[in-house]
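Notes follow the structure.
Residue numbers (this note's numbering): 3 to 896.
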């Protein structure tokens, strides 16, 4: 059997094309065995493959474009396949069209549209003929009810352009397929696809533009298969709206003092009622490290796979048989449910206690529960280490595995013995299997319910892992444990952010083709159809902070091309290592920071080294300062010492022997810089601008392209990137190339020359939102900066005169409508911003709506809705108003 593959693609000099598939002749899906195509002409590349026999199983395959620099780009079609025709043909030609990953129509073949948003188009399959020598394949996602793809063309077998009776295509495995037997005397042949309504029996739309041209079947080829990719429809692109809220913030009449997975179903009901088609949640993974309120931080999960017991519904775990265990808790449930904010410690205390009782009551029964044992078996690769970690965490009363007396270094064989059913402590470990099993059942039920209601669930993948969590314990080589991840300074955190997470060891992760990430995505796809990549910039470069630092301001981007000492010399900059790399301290600076405490500070913390004032060794890093000042420090003194330590211009590259350096972020704002003479300042500025905004761009682009394409190919979830902050120029290009949705926020323009970003300027593949969980809500922001509010009122809302001091409901509404009418694919609002449109429903004090304050590393995440979901569902007038706005703005419609 011979198959000729033709790929239509216009290459550039230095580019080459390869084919890869699940057959030995196609490299067995091993990328290093991909088979090279040959250049045929300006339109096509070709390869001919011989098969000893007809493949018994369908052959799936994909194309790879390799650039001259070695960069690999996979085409965006994950559904190319070939299987033996009904009547076997000895020689076949397949004509394929390159599908760019960033092609907009590819998003309509992702999970949200396949599982929840596609119209319920119940049309009987159209029979395909057994005798044919041409097969046509085309994709047409998001057809409306009673619509199918049709085909017509210039020859008699195509109906001679008869649009009243076109050939109707049959939907098979994601493609619309037609099979035709053509005679040799019908050439040349041109054709077009269209959309046909089978109920009205009329053509809805015929492709615009040039006719498609049918390749002639030359002897000895018996069958030609044409994959034409997408139908060229001029229909409107789908646009939807959604609501964003953490699960813990939900409030229902039956929840146990905190939002639970079960409450999401009520939120789905409300979303369905209002026309919202997406619910975005914060991470839902287990963060139980210290058994206190600090575990409320949802971005510090102890497992990238385990769900948080916080969100479990006890009554569903108990069922009728064990309801007597949870009934005594109803008084406590009512008490906790009545609190304005949720009490993390109390909720966890009572839930874990009840879960242990429920497990003890059911543990014998579970031995014969096949669903339970299957769950353990299916998820054993993460579940068993997680349960062992939790057991050891509680046994040694710390998540810091380095402090454990035994098992501090993960050993699979030792853990297998630890979790053995013969151990006396087995049930303490199996308890965690039990809890995860019920969390899985409850969240899966929510996912299925959302699909029935045509609502998409969007999850959130944190950029980091918790330093003292299960993932770091099991495989520390995947992470740089001697570094801390964070973010450089911005308007929301002027000293930067230090998240404390280790950074990723990407080179190690690439060795197994990012298996940890692929497993993570697979686990997430059990519950979500879309997800947000937290801080997608970290896939280009991460802000890495030394372990001896506390503030994010002392970090640098990793990886990054350093400045060589020769570059300073070429700029005629006299290079003084200590002047640039050590804290610059003089009497004037000390007076500015400490005022009349200067002598006290000098005597206790400073000394002269080589004629320079320097910090004494016991306080020469921020971590040492924290250790020295103890638990209740003088905050002004602590911050002053921090500022002295960060008053540097350069940071030396590790192991460079004083030859390579990185600029400290915001160099020009340092006191050290201000004390340099003008010419040196200007020369350093030139190098600084080049370092941050020019020299790294291609380097960071290539870094992202080593990771993101492989990760995106591993999942069919819709991928959205949180691309906020100091965004390199290459980021939009890479995200656009990969079809990853960007995040656009009105008050955080990516164009530094603008004060605001208008939602009307958003690209289609983007999410627009007026605020995120890290920001104040619309109402809270309105009161923060009077000058900014005034400009926004005049120039963004287009109103004359003085802006109202408070954000009245009508202002809030105008901002919401701005976003609804945006061309962006998704417009997502914090629930607080939607409630802000109604004076009688919204919370009185906008400051009480805030979820997180990024500049506060010890923030308590405990915001909760002030009304129940049941009550919100009953707000008929308000809900109809939202629904009207969504319909009028064209969101949710084709």
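Ideal Cβ positions, reconstructed from N, Cα and C, are used throughout, including at glycine.
Three-state secondary structure assigned by DSSP to residue i
i: residue 186; result: helix
i: residue 896; result: No answer about residue 896 holds up, because its pLDDT of 42 lies below 50 and its placement is not dependable.
i: residue 249; result: helix
i: residue 744; result: strand
i: residue 655; result: coil
i: residue 110; result: helix
i: residue 180; result: strand
i: residue 515; result: coil
i: residue 81; result: coil
i: residue 442; result: helix
i: residue 92; result: coil
i: residue 215; result: strand
i: residue 139; result: strand
i: residue 298; result: helix
i: residue 647; result: helix
i: residue 34; result: helix
i: residue 169; result: strand
i: residue 406; result: coil
i: residue 104; result: coil
i: residue 383; result: helix
i: residue 796; result: helix
i: residue 437; result: helix
i: residue 472; result: helix
i: residue 421; result: coil
i: residue 447; result: helix
Residue i - containing alpha helix (DSSP H), residue span
i: residue 881; result: 878-890
i: residue 373; result: 372-380
i: residue 22; result: Looking at the DSSP string, residue 22 is not in any alpha helix (DSSP H); the run it does join, the beta strand (DSSP E), is 18-23.
i: residue 832; result: Segment 828-832 is the beta strand (DSSP E) holding residue 832; no alpha helix (DSSP H) there.
i: residue 318; result: 316-320
i: residue 1; result: It is not possible to answer for residue 1, since the shown part of the chain is limited to 3 through 896.
i: residue 811; result: 811-822
Counterpart residues of residue i in DSSP-defined beta bridges
i: residue 98; result: 9 and 229
i: residue 199; result: 149 and 204
i: residue 155; result: 193
i: residue 698; result: Paired residue(s): none; residue 698 is not in a bridge.
i: residue 505; result: 482
i: residue 75; result: 67
i: residue 609; result: 616
i: residue 309; result: 287
i: residue 489; result: 499
i: residue 4; result: 52 and 93
Any non-hydrogen atom of the ligand NAD closer than 7 Å to residue i Cβ
i: residue 561; result: No copy of the ligand NAD appears in this structure; indeed no ligand is present at all.
Residue i, enclosing beta strand (DSSP E) - first and last residue
i: residue 146; result: It is not in any beta strand (DSSP E) - residue 146 carries neither H nor E in the DSSP assignment.
i: residue 708; result: That residue, residue 708, is in no beta strand (DSSP E); it is neither H nor E in DSSP.
i: residue 173; result: 172-174
i: residue 665; result: 662-665
i: residue 462; result: 458-463
Continuous alpha helix (DSSP H) assignments of at least 4 residues falling wholly in the region 329-361: 332-339
Contained alpha helix (DSSP H) runs [length at least 4] in the region 228-286, N- to C-terminal order: 263-276
Hey, which unbroken runs of the beta strand (DSSP E) at 3 residues or more fall wholly within the region 716-789? 720-723, 744-747 and 768-771
Contact the region 447-464 vs the region 278-289: 3+ CB pairs below 8 Å: Cβ pair count under 8 Å is three or more, so yes.
Kindly provide the ranges of any beta strand (DSSP E) runs that are 3 or more residues long and lie completely inside the region 526-602, ordered along the chain. 532-535, 544-548 and 558-560
Would you mind listing the beta strand (DSSP E) stretches within the region 37-70 that are 3+ residues and don't spill past its ends, in chain order? 46-52 and 61-68
Would you check if the region 828-844 and the region 228-245 touch, i.e. whether three or more CB-CB distances between them fall below 8 Å? yes
Are three or more beta carbon pairs between the region 259-272 and the region 475-485 nearer than 8 Å? Taking 8 Å as the limit for Cβ pairs, the verdict is that the region 475-485 does not touch the region 259-272.
Closer than 8 Å is the cut-off here; do at least three beta carbon pairs connect the region 694-709 with the region 613-622? no
Spell out a yes or no on whether the region 703-723 and the region 513-528 are touching, meaning 3 or more CB-CB pairs, one atom from each, closer than 8 Å. A contact exists between the region 703-723 and the region 513-528.
Counting Cβ pairs closer than 8 Å, one from the region 78-90 and one from the region 37-48, do we hit at least three? Cβ pair count under 8 Å is below three, so no.
For a minimum of 4 consecutive residues, which ranges assigned as the alpha helix (DSSP H) are wholly contained in the region 669-699? Those alpha helix (DSSP H) runs which fall completely within the region 669-699 and span 4+ residues are 673-676 and 680-695.
With a cut-off of 8 Å, do at least 3 Cβ pairs link the region 545-557 to the region 734-742? no
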